[in-house]
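Undergrad:
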Amino acid sequence: MVRPQIIRMVAPVWTPEAAEARVAGMAIVKCVITTAGSLLNCRVLKGLPYMNDAILAALAQWQLTPALLDGTPVCVEYVLPINIRAPEKPPAPVVPGR
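Take 3 as the starting number for the sequence shown in the numbering used here and just add one per residue.
#1: With a floor of 3 residues, list each beta strand (DSSP E) that falls wholly inside the region 60-88, ordered by position along the chain.
#2: Is the region 39-48 touching the region 11-18 in the sense that three or more CB pairs, one from each, lie closer than 8 Å?
#3: Give a yes or no on whether the C-beta atoms belonging to I9 and L66 are separated by under 9 Å.
#4: Starting from R26, trace the beta strand (DSSP E) in both directions and tell me its first and last residue.
#5: State the Cα-Cα distance for the pair T74 and I84, rounded to the nearest angstrom.
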């Protein structure tokens, strides 16, 4: 079997709560990869606070190569690790006249 490969990856959009809490870590998501390479029926197995819906929305936009069995595309269930890094802390605001 030839494993699926990521063609297009879309990063999750940070929620304000996740950014404020500086959420970081690895989420684990299980999806079906179709013969067309799209992801269906994704569900979070191990989530991150405030980010699960954003991760699922991003995965809906991913595109992969399909898994191949004897050269033929097949649907497979696949577990995807999603690494999330905390966004860089924004710089302190500049106060004019100081």
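Even glycine gets a Cβ: it sits at the ideal position worked out from N, Cα and C.
TA: Considering the structure as presented:
#1: List check, beta strand (DSSP E) in window: 69-71, 74-76, 78-86.
#2: They do not touch, by the three-pair rule.
#3: In contact: I9 and L66 (Cβ atoms closer than 9 Å).
#4: Checking the sequence shown, residue 26 turns out to be Ala, not Arg. For A26, there is no enclosing beta strand (DSSP E), since its DSSP letter is neither H nor E.
#5: Looking at the two C-alpha atoms, the distance is approximately 27 Å.
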